[in-house]
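Scroll down for the structure; my scribbles are underneath it.
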Amino acid sequence: MSAPITGSCLCRSLIYTITVPSSSSSSSLDLDTSICLCTMCRKHSGAIFPPFIIFPSSSIRFHIDSSEAGSELKLEEIAKNGLGTYKEYESSPDNYRAFCGKCGSTLLCRGETTSDVDIYAGTLDEHIILGNIIEHSENGEERGKIPRRDGTGRAKDLIVPKRVRNWENCPAAFADMFAETNRYFGGNKDDTVTQEDVEKLKAQA
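Letter by letter, the sequence shown follows residues 0 to 204 of numbering that gives the first Met the number 0.
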(Lines of atoms letter the chains of each structure in order from A; the text may use other names.)
(Lines give C-alpha, C1' and ligand atoms only; values in the text may rest on other atoms or scores of the structure.)
Protein backbone atom coordinates (compact mmCIF):
# COMPACT_ATOMS: atom_id res chain seq x y z
CA MET A 0 0.00 0.00 0.00
CA SER A 1 1.14 3.54 -0.68
CA ALA A 2 1.14 6.28 1.93
CA PRO A 3 -2.38 7.59 2.66
CA ILE A 4 -3.63 10.62 0.77
CA THR A 5 -4.96 13.38 2.99
CA GLY A 6 -6.96 16.55 2.47
CA SER A 7 -9.51 18.84 4.05
CA CYS A 8 -11.79 21.80 3.69
CA LEU A 9 -10.28 25.27 4.20
CA CYS A 10 -11.16 25.53 7.90
CA ARG A 11 -10.22 21.86 8.51
CA SER A 12 -13.50 21.05 10.17
CA LEU A 13 -13.68 18.17 7.67
CA ILE A 14 -10.48 16.17 7.20
CA TYR A 15 -10.29 13.09 5.01
CA THR A 16 -7.85 10.22 4.56
CA ILE A 17 -7.79 8.00 1.47
CA THR A 18 -6.01 4.66 1.32
CA VAL A 19 -5.01 3.45 -2.14
CA PRO A 20 -2.72 0.68 -3.40
CA SER A 21 0.37 1.60 -5.40
CA SER A 22 0.66 0.27 -8.94
CA SER A 23 2.62 -3.00 -9.08
CA SER A 24 6.02 -2.63 -7.42
CA SER A 25 6.47 1.08 -8.18
CA SER A 26 5.71 3.99 -5.90
CA SER A 27 3.50 5.71 -8.49
CA LEU A 28 -0.27 5.71 -8.22
CA ASP A 29 -2.49 4.53 -11.05
CA LEU A 30 -5.47 6.82 -10.49
CA ASP A 31 -8.28 8.13 -12.66
CA THR A 32 -7.65 11.87 -12.78
CA SER A 33 -9.61 14.32 -14.92
CA ILE A 34 -10.90 17.83 -15.35
CA CYS A 35 -14.57 18.50 -15.97
CA LEU A 36 -15.95 21.30 -18.14
CA CYS A 37 -19.64 20.94 -17.31
CA THR A 38 -21.54 23.97 -16.03
CA MET A 39 -22.48 22.27 -12.74
CA CYS A 40 -18.85 21.62 -11.82
CA ARG A 41 -17.87 25.18 -12.71
CA LYS A 42 -20.67 26.65 -10.64
CA HIS A 43 -20.03 24.42 -7.66
CA SER A 44 -16.25 24.84 -7.58
CA GLY A 45 -15.87 28.39 -8.90
CA ALA A 46 -13.15 27.08 -11.24
CA ILE A 47 -13.20 26.99 -15.05
CA PHE A 48 -11.37 23.64 -15.14
CA PRO A 49 -11.96 21.88 -11.80
CA PRO A 50 -9.69 18.83 -11.40
CA PHE A 51 -10.94 15.57 -9.90
CA ILE A 52 -9.52 12.30 -8.63
CA ILE A 53 -11.83 9.28 -8.58
CA PHE A 54 -11.69 6.92 -5.61
CA PRO A 55 -13.95 4.12 -4.36
CA SER A 56 -16.01 5.43 -1.46
CA SER A 57 -14.83 2.50 0.68
CA SER A 58 -11.28 3.94 0.65
CA ILE A 59 -12.31 7.30 2.17
CA ARG A 60 -12.52 8.08 5.87
CA PHE A 61 -13.53 11.42 7.39
CA HIS A 62 -12.39 12.99 10.64
CA ILE A 63 -14.78 15.70 11.74
CA ASP A 64 -14.44 18.53 14.21
CA SER A 65 -17.52 17.59 16.20
CA SER A 66 -18.51 15.80 19.40
CA GLU A 67 -21.42 14.17 17.54
CA ALA A 68 -19.38 11.16 16.41
CA GLY A 69 -16.14 9.26 16.70
CA SER A 70 -12.82 10.25 15.19
CA GLU A 71 -13.09 8.25 11.96
CA LEU A 72 -16.18 7.85 9.80
CA LYS A 73 -17.09 6.32 6.46
CA LEU A 74 -18.36 8.75 3.84
CA GLU A 75 -21.76 7.03 3.83
CA GLU A 76 -22.11 7.62 7.57
CA ILE A 77 -21.46 11.33 7.54
CA ALA A 78 -23.50 11.89 4.36
CA LYS A 79 -26.52 10.01 5.71
CA ASN A 80 -26.48 11.61 9.15
CA GLY A 81 -25.24 15.10 8.23
CA LEU A 82 -22.53 15.03 10.86
CA GLY A 83 -20.31 17.97 11.70
CA THR A 84 -20.17 20.70 9.06
CA TYR A 85 -20.60 18.23 6.16
CA LYS A 86 -23.35 19.41 3.83
CA GLU A 87 -24.67 18.18 0.48
CA TYR A 88 -26.64 19.65 -2.40
CA GLU A 89 -28.57 17.36 -4.76
CA SER A 90 -27.51 18.91 -8.06
CA SER A 91 -29.32 16.28 -10.14
CA PRO A 92 -31.42 13.22 -9.22
CA ASP A 93 -29.41 10.94 -6.89
CA ASN A 94 -26.22 12.96 -7.43
CA TYR A 95 -24.80 15.03 -4.58
CA ARG A 96 -22.13 17.72 -4.27
CA ALA A 97 -20.58 18.01 -0.83
CA PHE A 98 -19.17 21.08 0.86
CA CYS A 99 -18.28 22.39 4.31
CA GLY A 100 -21.10 24.35 5.90
CA LYS A 101 -18.63 26.47 7.87
CA CYS A 102 -16.03 27.63 5.31
CA GLY A 103 -17.88 26.70 2.10
CA SER A 104 -15.09 24.57 0.60
CA THR A 105 -16.16 22.28 -2.25
CA LEU A 106 -15.12 18.72 -1.37
CA LEU A 107 -16.56 16.00 -3.58
CA CYS A 108 -19.29 14.67 -5.84
CA ARG A 109 -21.00 11.35 -5.26
CA GLY A 110 -23.94 9.40 -6.65
CA GLU A 111 -26.37 6.98 -5.06
CA THR A 112 -25.97 4.50 -7.91
CA THR A 113 -22.16 4.30 -8.02
CA SER A 114 -19.48 3.38 -5.50
CA ASP A 115 -17.00 5.88 -6.95
CA VAL A 116 -16.49 9.37 -5.54
CA ASP A 117 -15.00 12.40 -7.29
CA ILE A 118 -12.68 14.25 -4.91
CA TYR A 119 -11.78 17.83 -5.86
CA ALA A 120 -7.98 17.76 -6.22
CA GLY A 121 -7.68 21.28 -4.81
CA THR A 122 -8.66 20.00 -1.36
CA LEU A 123 -5.56 17.79 -1.06
CA ASP A 124 -3.16 18.79 1.68
CA GLU A 125 -0.22 20.97 0.61
CA HIS A 126 2.47 18.41 1.46
CA ILE A 127 0.67 15.79 -0.64
CA ILE A 128 0.86 18.01 -3.73
CA LEU A 129 4.13 19.91 -3.20
CA GLY A 130 6.11 17.72 -0.78
CA ASN A 131 7.25 18.29 2.78
CA ILE A 132 8.90 21.56 3.75
CA ILE A 133 12.63 21.31 4.42
CA GLU A 134 13.17 22.78 7.87
CA HIS A 135 14.88 26.19 7.99
CA SER A 136 14.90 26.42 4.17
CA GLU A 137 12.74 29.52 3.79
CA ASN A 138 14.17 32.13 1.44
CA GLY A 139 13.03 35.74 1.47
CA GLU A 140 11.08 36.69 -1.65
CA GLU A 141 8.89 39.61 -2.71
CA ARG A 142 5.85 37.46 -1.96
CA GLY A 143 7.21 36.44 1.43
CA LYS A 144 9.16 33.44 2.62
CA ILE A 145 9.16 30.55 0.16
CA PRO A 146 10.31 27.25 1.66
CA ARG A 147 12.08 24.52 -0.28
CA ARG A 148 10.44 21.10 -0.59
CA ASP A 149 11.87 17.60 -0.29
CA GLY A 150 10.54 16.30 -3.61
CA THR A 151 7.97 13.92 -2.14
CA GLY A 152 4.97 15.72 -3.64
CA ARG A 153 2.69 13.57 -5.81
CA ALA A 154 1.21 16.21 -8.11
CA LYS A 155 1.99 14.15 -11.23
CA ASP A 156 -0.12 11.25 -9.99
CA LEU A 157 -2.85 13.29 -8.34
CA ILE A 158 -3.25 16.58 -10.22
CA VAL A 159 -2.23 16.09 -13.86
CA PRO A 160 -5.44 14.99 -15.64
CA LYS A 161 -5.55 11.89 -17.81
CA ARG A 162 -8.80 12.86 -19.49
CA VAL A 163 -11.24 15.68 -20.07
CA ARG A 164 -14.93 15.37 -19.33
CA ASN A 165 -17.53 17.32 -21.28
CA TRP A 166 -14.99 18.75 -23.73
CA GLU A 167 -17.81 20.15 -25.87
CA ASN A 168 -18.52 22.62 -23.08
CA CYS A 169 -15.04 24.17 -23.21
CA PRO A 170 -14.99 27.95 -23.86
CA ALA A 171 -13.62 28.60 -27.34
CA ALA A 172 -11.23 31.22 -25.95
CA PHE A 173 -9.25 28.44 -24.25
CA ALA A 174 -8.56 26.45 -27.44
CA ASP A 175 -4.86 27.39 -27.58
CA MET A 176 -4.41 26.18 -24.03
CA PHE A 177 -5.22 22.67 -25.24
CA ALA A 178 -3.05 22.78 -28.38
CA GLU A 179 -0.84 19.94 -27.09
CA THR A 180 -3.57 18.07 -25.27
CA ASN A 181 -2.35 14.57 -26.07
CA ARG A 182 0.84 15.40 -24.19
CA TYR A 183 -1.23 15.84 -21.04
CA PHE A 184 -4.48 13.94 -21.55
CA GLY A 185 -3.71 10.35 -22.47
CA GLY A 186 -6.55 8.53 -20.77
CA ASN A 187 -9.56 6.76 -22.21
CA LYS A 188 -9.77 7.18 -25.98
CA ASP A 189 -13.33 8.50 -25.88
CA ASP A 190 -12.30 11.22 -23.43
CA THR A 191 -8.98 12.19 -25.01
CA VAL A 192 -9.01 15.58 -26.71
CA THR A 193 -7.57 15.49 -30.22
CA GLN A 194 -5.98 18.22 -32.33
CA GLU A 195 -9.10 18.12 -34.50
CA ASP A 196 -11.19 18.95 -31.44
CA VAL A 197 -8.93 21.91 -30.70
CA GLU A 198 -9.19 23.25 -34.26
CA LYS A 199 -12.98 23.02 -34.15
CA LEU A 200 -12.98 24.97 -30.91
CA LYS A 201 -10.67 27.65 -32.35
CA ALA A 202 -13.09 28.10 -35.25
CA GLN A 203 -15.82 29.06 -32.80
CA ALA A 204 -13.77 31.85 -31.19
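The C-beta atom is built at its ideal place from N, Cα and C for all residues, glycine as well.
Sorted by chain position, which residues of the same chain lie with C-beta nearer than 6 Å to residue i's C-beta, five sequence neighbours on each side aside?
i	result
Ile17	Ile4, Phe54, Ser58, Ile59
Ser56	Leu74, Ser114, Val116
His43	Arg96, Thr105
Arg164	Ser33, Cys35
Glu198	none
Asn181	With a pLDDT of 47 at Asn181, under the threshold of 50, the modelled position of that residue is not reliable, and the figure given next carries that caveat. So the list is empty, once near-sequence residues are dropped.
Ala154	Ile128
Which whole-angstrom value is the C-beta distance of residue i and residue j, which I expect to be below 8 Å?
i	j	result
Arg96	Ser90	5 Å
Ile128	His62	In fact, because the Cβ distance is near 19 Å, the residues do not count as touching under 8 Å.
So, with DSSP's three-state summary, where would you put residue i?
i	result
Ser12	coil
Gly121	helix
Phe61	strand
Phe48	coil
Pro3	coil
Thr112	coil
Ile133	coil
Leu227	In the structure displayed, the chain extends from 0 to 204; residue 227 sits before or after that span and is not available.
Thr151	coil
Ser35	One detail in the question is off: residue 35 reads as Cys in this sequence, not Ser. Cys35 falls in the strand class under three-state DSSP.
Glu167	helix
Grab me the residues of residue i's own chain with a C-beta within less than 8 Å of its C-beta, minus the 5 sequence neighbours each way, in chain order.
i	result
Asn94	Cys108, Arg109, Gly110, Glu111
Gly41	Rather than Gly, the amino acid found at residue 41 in this sequence is Arg. The answer, listed in chain order, is Ile47, Pro49.
Asn168	Leu36, Cys37, Thr38
His205	Beyond the ends of the chain as shown, which are 0 and 204, falls residue 205; an answer cannot be given.
Lys86	Ala97, Phe98, Cys99, Gly100
Asp124	Thr5, Gly6, Ser7
Ala78	Tyr85, Glu87, Tyr95, Ala97, Arg109
Cys157	The residue you asked about is not Cys; residue 157 is Leu in the sequence shown. Closer than 8 Å at Cβ, skipping near neighbours: Ile4, Leu28, Leu30, Thr32, Ile52, Ala120, Leu123, Ile127, Ile128.
Leu72	Arg60, Phe61, His62, Ile63, Leu82
What does DSSP give as the partner residues of residue i in its beta bridges?
i	result
Lys86	Phe98
Leu157	Answer is none; Leu157 lacks a bridge partner.
Phe54	Val116
Ile127	Ile127 is not bridged to any residue.
Ser91	Asn94
Arg162	Ser33
Leu107	Ala97, Ile118
Might you give, ordered along the chain, the residues of its own chain that have their beta carbon closer than 7 Å to the beta carbon of residue i, omitting 5 neighbours on each side?
i	result
Lys101	Cys10, Ser12, Thr84
Ile132	Pro146, Arg148
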